[in-house]
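Only one structure is covered here, and it is reproduced in the block below.
2 protein chains.
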Amino acid sequence: MTKTITLAHGNGGQENNELIKEVFYEAFKNDILEKSEDAAIIENGKLAFSTDSFTVSPIFFNDANIGKLAICGTCNDLAMMGAKPKYLTCSVIIEEGFEVEQLKTIVNSMKKELKKNEATIVSGDTKVVPKGTVDKIFINTTGIGEVIYSGISSNNITENDLILVNRDIGAHGATIFTAREGIDIHSNLKSDCNSLFPQVKALIDNGIKITALRDATRGGVSAVLNEWAKQSNICIEVDEEKIPVSDEVKGICEMLGFEATNLANEGTFVLAIHKKFAFRAIEILHKFPEALNASIIGKVTDQYPQKVILNSSWGTKRFLDTPTGELLPRIC
Amino acid sequence: MTKTITLAHGNGGQENNELIKEVFYEAFKNDILEKSEDAAIIENGKLAFSTDSFTVSPIFFNDANIGKLAICGTCNDLAMMGAKPKYLTCSVIIEEGFEVEQLKTIVNSMKKELKKNEATIVSGDTKVVPKGTVDKIFINTTGIGEVIYSGISSNNITENDLILVNRDIGAHGATIFTAREGIDIHSNLKSDCNSLFPQVKALIDNGIKITALRDATRGGVSAVLNEWAKQSNICIEVDEEKIPVSDEVKGICEMLGFEATNLANEGTFVLAIHKKFAFRAIEILHKFPEALNASIIGKVTDQYPQKVILNSSWGTKRFLDTPTGELLPRIC
Numbered sequence: 001m002t003k004t005i006t007l008a009h010g011n012g013g014q015e016n017n018e019l020i021k022e023v024f025y026e027a028f029k030n031d032i033l034e035k036s037e038d039a040a041i042i043e044n045g046k047l048a049f050s051t052d053s054f055t056v057s058p059i060f061f062n063d064a065n066i067g068k069l070a071i072c073g074t075c076n077d078l079a080m081m082g083a084k085p086k087y088l089t090c091s092v093i094i095e096e097g098f099e100v101e102q103l104k105t106i107v108n109s110m111k112k113e114l115k116k117n118e119a120t121i122v123s124g125d126t127k128v129v130p131k132g133t134v135d136k137i138f139i140n141t142t143g144i145g146e147v148i149y150s151g152i153s154s155n156n157i158t159e160n161d162l163i164l165v166n167r168d169i170g171a172h173g174a175t176i177f178t179a180r181e182g183i184d185i186h187s188n189l190k191s192d193c194n195s196l197f198p199q200v201k202a203l204i205d206n207g208i209k210i211t212a213l214r215d216a217t218r219g220g221v222s223a224v225l226n227e228w229a230k231q232s233n234i235c236i237e238v239d240e241e242k243i244p245v246s247d248e249v250k251g252i253c254e255m256l257g258f259e260a261t262n263l264a265n266e267g268t269f270v271l272a273i274h275k276k277f278a279f280r281a282i283e284i285l286h287k288f289p290e291a292l293n294a295s296i297i298g299k300v301t302d303q304y305p306q307k308v309i310l311n312s313s314w315g316t317k318r319f320l321d322t323p324t325g326e327l328l329p330r331i332c
Numbered sequence: 333m334t335k336t337i338t339l340a341h342g343n344g345g346q347e348n349n350e351l352i353k354e355v356f357y358e359a360f361k362n363d364i365l366e367k368s369e370d371a372a373i374i375e376n377g378k379l380a381f382s383t384d385s386f387t388v389s390p391i392f393f394n395d396a397n398i399g400k401l402a403i404c405g406t407c408n409d410l411a412m413m414g415a416k417p418k419y420l421t422c423s424v425i426i427e428e429g430f431e432v433e434q435l436k437t438i439v440n441s442m443k444k445e446l447k448k449n450e451a452t453i454v455s456g457d458t459k460v461v462p463k464g465t466v467d468k469i470f471i472n473t474t475g476i477g478e479v480i481y482s483g484i485s486s487n488n489i490t491e492n493d494l495i496l497v498n499r500d501i502g503a504h505g506a507t508i509f510t511a512r513e514g515i516d517i518h519s520n521l522k523s524d525c526n527s528l529f530p531q532v533k534a535l536i537d538n539g540i541k542i543t544a545l546r547d548a549t550r551g552g553v554s555a556v557l558n559e560w561a562k563q564s565n566i567c568i569e570v571d572e573e574k575i576p577v578s579d580e581v582k583g584i585c586e587m588l589g590f591e592a593t594n595l596a597n598e599g600t601f602v603l604a605i606h607k608k609f610a611f612r613a614i615e616i617l618h619k620f621p622e623a624l625n626a627s628i629i630g631k632v633t634d635q636y637p638q639k640v641i642l643n644s645s646w647g648t649k650r651f652l653d654t655p656t657g658e659l660l661p662r663i664c
């Protein structure tokens, strides 16, 4: 039977990783790519370089739109490598018949978000394709950042590190899901879509030694923790009670049987930080209104190398696995 | 009435330029972007940076596919600024149900073409979207090149320059058109899709002083010449008889009423070179099998600033305008 690409191949989880390894790494193999970081580090460690294509549906959702998302997504990938976002390219694929006013709204959101990152768009591409060959608009942003803090790597986490998140998790995934399904829950549920460089910069400026950073996009916090456990050959143990989840997201999860740790985020990052810096890091993050729920959620052990353990609120222990199957497509 | 995006807004010609200026330049304005070059020059002139999204249909066509095209397109934009392609990102959006084997074929073409450019893919993104939300596969490539010859600019062409092309024009546009319409003309018509850095490097290595370079993609040679005439405030005068066009492309043009100068190319570039270097440049280009038809096609005057004049084979003169209207969509 002919093997075909399924939605699971884009889930940010297990099948996605397999496709990337089997097809792309296999053909393009090189040391930089195989580090599997959020951004490539090039030019003797001076620059970070990262790309993302955004296909989110709906294109407008509570608290953001595809334009803001496209700037946050790429700038955040740079920030996660300790880089200050500097130059971006913007490539749009627009469906014939798309409203010019909507395009302007999207582009203005991009402009606003670029300002927060003190970054500029220096090159672009505009394609218009016939009706039915793309759904409304897809945006690619690719960015170059200047590395201001080097050595961040998902491959170097040790038992000296604690695991932190900068805020309550799952808001983006839950927001997109309810928007798409037309679920009106009269709640304050809104996407966490946000530029993370200011928070990262505050940590760096305050002398916090960061081991690893990653924004928990597709595949959520579970995917990040599992990748880290594998890449650093460690066991990560997190406490469910300590993982901040808003009441709104909890409600959606209970209603629909989701796990908050599998939901996508667009302004939430996981940190591995040396014990002696972790509490100070939380203090610094708490100064940001969007990071009031920043918490230490777990630790690193040698118990089950390459595995993530969740200590549940009920007192039981279980493995928290990499998400698998057809998770919500078009989340970003 | 609500203003909407039309296919003409993506034609590489007049409406495309207007959309880019009104929406994107207006929001993102900065000096680098407004230079309107093939690639942005950043980091004190040391690096070139360019992006392109590829939506070509069909994805396989005579002599190339969307993968080869995606590498050539971005590497060529860097080469056109005198830069050696170095690092690329690759972001794919795949339709659910796409065959894995086809994806591998595409990715292997990319690998082969990267080798010709001595460039590597260092970062990527893979999205899978539901059936009907994208047509098969779209690929974005964004590249960083190392500037090895600086000063190339579409804004500095003078009457001291001659206008050259590196080969016969229009092959890509004609190939895509016949492939899409199922026209079987039993000919040797094939896309010119090709990496141009080797030709540019040969010119530079031989001491040729290059004023301007641009690959004649969407909008063809007409679009390039008109942009140059405007950007450098000059009149460009070309001789129809001197513009190389293959018999196959001539045939398609006659059959369908196209003008070869409006057809897209993917391995054809226009050069503005000082008179005293132009003939030597042609000699150098002739050493490349794909550039055997390299020719001097015109000159620069002050007769009609910002206009392009075509001296037709019939002895008449007319303006060669920027292409307008719904040219062939999804050509690249």
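Protein sequences appear in the order of chains A and B. Residue numbers in the first sequence follow the numbering used here, run continuously in steps of one, and reach 332 at the last position. Residue numbers in the second sequence follow the numbering used here, run continuously in steps of one, and reach 664 at the last position. Note that beta-carbon positions come from the ideal geometry of N, C-alpha and C, so glycine has one too. Note that this is a predicted model, so its numbers are computed, not measured.
Quiz item: When DSSP labels each residue in this structure, what does S222/A get in the three-state scheme?
Solution: Helix at S222/A.
Quiz item: How many whole angstroms separate the CB atoms of S195/A and N76/A, which I take to be in contact at a CB cut-off of 8 Å?
Solution: For S195/A against N76/A, the beta-carbon gap comes to about 7 Å, under 8 Å, which counts as contact.
Quiz item: What is the residue span of the beta strand (DSSP E) that G298/A lies within?
Solution: S295 to T301 is the span of the beta strand (DSSP E), which, as asked, contains G298/A.
Quiz prompt | Any chain A beta carbon closer than 7 Å to N362/B | solution = Interface residue, yes.
Quiz item: How many Å lie between R330/A and V461/B at the Cα?
Solution: Cα to Cα, R330/A sits roughly 6 Å from V461/B.
Quiz item: Excluding five sequence neighbours on each side, which residues of the same chain lie with their C-beta closer than 7 Å to the C-beta of Q199/A?
Solution: These residues qualify, in order along the chain: N166, L285, F288 and A291.
Quiz prompt | Rounded C-alpha distance that separates N440/B from D247/A | solution = Just so you know, the alpha carbons of N440/B and D247/A end up roughly 48 Å apart.
Quiz item: Between G73/A and the rest of its own chain, which residues show a CB-CB distance below 6 Å, the 5 nearest in sequence each way excluded?
Solution: Around G73/A: D52.
Self-check item: Euclidean distance between Cα positions of T342/A and W314/A
Solution: Past the boundaries of the shown model lies residue 342/A; chain A is included only from 1 to 332, so the question cannot be answered.
Self-check item: Own chain partners of A511/B with C-beta closer than 8 Å, once the 5 adjacent residues on each side are dropped
Solution: Closer than 8 Å at Cβ, skipping near neighbours: P390, F393 and N394.
Exercise. Using the Cα positions of F138/A and I489/B, report the straight-line distance between them to the nearest angstrom.
Key: Approximately 36 Å between the Cα atoms of the pair.
Exercise. With DSSP as the reference, please indicate the residues paired to G143/A in a beta bridge.
Key: Per DSSP, S50/A and L88/A.
Quiz item: What distance in whole Å lies between the Cβ atoms of N265/A and A171/A, which are believed to be in contact at a cut-off of 8 Å?
Solution: Cβ-Cβ separation between A171/A and N265/A: approximately 7 Å, consistent with a contact (criterion under 8 Å).
Quiz item: Taking Cβ-Cβ distances below 8 Å as the criterion, which residues of the segment 436-460 of chain B are in contact with chain A?
Solution: Shown in chain order are the members of the segment 436-460 of chain B whose Cβ falls below 8 Å from a Cβ of chain A: K436, V439, N440, M442, K443, L446, T452, I453, V454, S455, G456, D457, T458, K459 and V460.
Quiz item: Ends of the beta strand (DSSP E) at C567/B?
Solution: Unbroken beta strand (DSSP E) run through C567/B: C567 to D571.
Practice problem: Can you check DSSP and say which residues form a bridge with V165/A? | Solution: In DSSP, V165/A forms a bridge with V270/A and S295/A.
Quiz item: For T593/B and chain A, any beta-carbon pair shorter than 7 Å?
Solution: T593/B has a beta carbon lying at 7 Å or more from every beta carbon in chain A.
Quiz item: Should Q303/A go down as buried or exposed, given a rule of 16 or more other Cβ atoms within 10 Å for buried?
Solution: Per the 10 Å Cβ criterion, exposed.
Quiz item: What is the DSSP secondary structure of R318/A, reduced to helix, strand or coil?
Solution: In the displayed model, R318/A falls within a strand according to three-state DSSP.
Quiz item: Hey, how far is the Cα of E101/A from the Cα of N343/B?
Solution: Using only the alpha carbons, I get a separation of about 20 Å.
Quiz item: For K275/A, does the three-state DSSP call read helix, strand or coil?
Solution: Under the three-state reduction of DSSP, K275/A is assigned to helix.
Quiz item: Would you say V308/A and A216/A are within 7 Å of each other, going by their C-beta atoms?
Solution: Contact: no.
Quiz item: Below 8 Å, can you find three or more Cβ-Cβ pairs linking the segment 208-215 of chain A to the segment 76-87 of chain A?
Solution: Cβ pair count under 8 Å is three or more, so yes.
Quiz item: Are L189/A and K275/A touching if we call contact CB-CB under 7 Å?
Solution: If you check the CB distance, L189/A and K275/A do not come in under 7 Å.
Quiz prompt | Delimiting residues of the alpha helix (DSSP H) encompassing D192/A | solution = Careful: D192/A lies outside any alpha helix (DSSP H) and carries neither H nor E.
Quiz item: With 16 other CB atoms within 10 Å as the buried threshold, where does K131/A fall?
Solution: Exposed, by the Cβ-count rule.
Quiz item: Which residues, in chain order, does the segment 58-81 of chain A contribute to contact with chain B at a C-beta distance below 8 Å?
Solution: Cβ contacts with chain B: none found.
Quiz item: Can you tell which of A294/A, I208/A and L256/A has its C-alpha closest to the C-alpha of K242/A?
Solution: Of A294/A, I208/A and L256/A, the residue nearest in Cα terms is A294/A.
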